[in-house]
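For the sequence shown, counting from 1, position 35 maps to 35 in full-length UniProt numbering; every step adds exactly one.
Think of the CB as a built atom: it goes at the ideal place given N, C-alpha and C, for glycine as much as any other residue.
What follows is a set of notes on a single structure, which appears directly below.
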Amino acid sequence: MWIRPLQAELSDNTLALYAPNRFVLDWVRDKYLNNINGLLNEFCGTDAPQLRFEVGTKAGHPNP
Numbered sequence: 001m002w003i004r005p006l007q008a009e010l011s012d013n014t015l016a017l018y019a020p021n022r023f024v025l026d027w028v029r030d031k032y033l034n035n036i037n038g039l040l041n042e043f044c045g046t047d048a049p050q051l052r053f054e055v056g057t058k059a060g061h062p063n064p
C-alpha cells in the first residue's frame, strides 16, 4: 500500500523515488529504506545507484 504510489526514475546513477506527499515519503523512508537499499545492493552490487526521495512525480510537477 505504501510502496505502490511511488514513482521511480533512474538517471546518472541516482534512483529517485517520488512520493505523492510528505507523509508517504517519510513513511517509506522510515519503514523501508533499509530494505530498498538491501535490494539495490543485492541486484546491483557495487554499481548500486544512489537513492533519493522526493515529493512529486517523475514529470517534475509537485502533487497538489
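Residue state for R22 is assigned as helix, using DSSP reduced to three classes. In terms of Cα proximity to N37, the closest of Q50, L10, D12 and L6 is Q50. Counting C-beta atoms within 10 angstroms of its own C-beta, L33 has fewer than 16 neighbours from the protein chains shown and is therefore classed as exposed. Using a Cβ distance threshold of 8 angstroms, F53 and L25 count as a contacting pair. When the five nearest sequence neighbours on each side are left out, the beta carbons in the same chain lying within less than 8 angstroms of the beta carbon of N41 are those of A48, in order along the chain.
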